[in-house]
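>
What follows is the structure, encoded as structure tokens:
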């Protein structure tokens, strides 16, 4: 049965690979992070929002300092662990990376709404993850101190395909 389905499976694999490449090119790469920050700054200024700080948060994995943990790995030295289990499947390669961008801005509610609308409807895939409005420290009652975290989505370069040894 498997051999009879091989041509159909190969065709389906080729279609999925093409679709994956189309989706991968839809997201910017991590090298485009400065462009994303510039777009956020422009959306803020067009909306009347004053940006006090904007800091992308990069993990140690991004810099290659910490190896990525494999999600399915379990400790085999635990009591009651079966030793004859099949090895866990290799973790799937990441298709995208989320980079949170911490922002502190000063704005009124209408300006904030316009800023979020511009940001989320732009060409870059962005999402507001957290939003805190504080009016206690505001000198002007119509403008508030706002802390928000924006999730930026960036494509990850494809991993090199595994090499097949000759004669296998």
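Numbering (this note's numbering), first residue to last: 76 to 243. We treat Cβ as the ideally placed atom computed from N, Cα and C, and that holds for glycine.
#1: To the nearest angstrom, how far is it from the Cα of residue 209 to the Cα of residue 94?
#2: Do you know whose CA, among 130, 116, 131, lies nearest residue 124's CA?
#3: Return the bridge partner residues of residue 219 from the DSSP annotation.
#4: Buried or exposed, going by whether 16 or more other CB atoms sit within 10 Å of the CB of residue 188?
#5: Roughly how many angstroms lie between the CA atoms of residue 218 and residue 180, to the nearest whole one?
#6: Can you name, in chain order, every residue of its own chain whose Cβ lies under 7 Å from the Cβ of residue 190, other than the five neighbours on each side?
#7: From residue 129 to residue 178, what does the alpha carbon distance come to, in whole angstroms?
#8: Along the chain, where does the alpha helix (DSSP H) that runs through residue 109 open and close?
#9: Within 10 angstroms of its Cβ, does residue 111 collect 16 or more other Cβ (buried), or is it exposed?
#10: Can you pull the DSSP bridge partners for residue 227?
#11: Please work out which residues of its chain come closer than 8 Å, Cβ to Cβ, to residue 90, disregarding the five sequence neighbours upstream and downstream, and give them in chain order.
#12: Which two residues bound the contiguous alpha helix (DSSP H) that contains residue 100?
#13: Alpha carbons only, please: which of 88, 79, 113, 176 is nearest the one belonging to residue 226?
#14: So, is residue 184 buried or exposed, given that buried needs 16 or more other C-beta atoms within 10 angstroms?
#15: Find the nearest neighbour of residue 102 within the set 207, 170, 222, judged by alpha-carbon distance.
#16: Under a Cβ-count criterion, where at least 16 other Cβ atoms within 10 Å of its own Cβ denotes burial, should residue 98 be classed as buried or exposed?
#17: Check residue 249 in the structure and name its three-state DSSP category.
Reading off the structure:
#1: Translated into the one-based positions of the chain shown, residue 209 becomes position 134. Translated into the one-based positions of the chain shown, residue 94 becomes position 19. Here the alpha carbons of residue 94 and residue 209 stand approximately 44 Å from one another.
#2: Here residue 124 corresponds to residue number 49 of the chain shown, with the count starting at 1. Looking at the Cα atoms, 116 is the closest of the given residues.
#3: Counted from its first residue, the chain shown places residue 219 at position 144. In the DSSP assignment, residue 219 is bridged to 182.
#4: Locating residue 188 in the chain shown gives position 113, counting from the first residue. By the neighbour-count rule (16 or more Cβ atoms within 10 Å), residue 188 is not buried but exposed.
#5: Start at 1 with the first residue of the chain shown, and residue 218 comes out as number 143. Start at 1 with the first residue of the chain shown, and residue 180 comes out as number 105. Taking the straight line from one Cα to the other gives about 10 Å.
#6: For this step, residue 190 is matched to residue 115 along the chain shown. The residues are 118, 119, 122, 124, 182.
#7: Counting from one through the chain shown, the residue named residue 129 turns up at place 54. Counting from one through the chain shown, the residue named residue 178 turns up at place 103. Distance between residue 129 and residue 178, taken at the CA atoms: about 4 Å.
#8: Taking the chain shown and counting its residues from 1, one reaches residue 109 at position 34. It spans 108-122 - the alpha helix (DSSP H) in which residue 109 sits, taken as one unbroken run.
#9: Working through the chain shown from its first residue, we reach residue 111 at position 36. Residue 111 should be labelled buried.
#10: Position 152 of the chain shown, counting from 1, holds the residue named residue 227. In the DSSP output, where bridge partners are listed per residue, residue 227 has 174, 201.
#11: Looking up residue 90 in the chain shown gives position 15. Same-chain partners within the cutoff: there are none.
#12: As a first step, residue 100 is located in the chain shown; it is residue number 25 there, counting from the start. Residue range 77-101 is occupied by the alpha helix (DSSP H) that includes residue 100.
#13: Along the chain shown, one-based indexing puts residue 226 at 151. Among 88, 79, 113, 176, the Cα nearest to that of residue 226 is on 176.
#14: Translated into the one-based positions of the chain shown, residue 184 becomes position 109. By the 16-neighbour rule on beta-carbons within 10 angstroms, residue 184 is exposed.
#15: On the chain shown, residue 102 is found 27 positions in, with the first residue counted as 1. The closest CA to that of residue 102, considering only 207, 170, 222, is found on 170.
#16: What you label residue 98 is simply residue 23 of the chain shown in a count that begins at 1. When all chains shown are included, residue 98 counts as exposed.
#17: Residue 249 cannot be examined here, being either before or after the span of the chain that is shown, 76 to 243.
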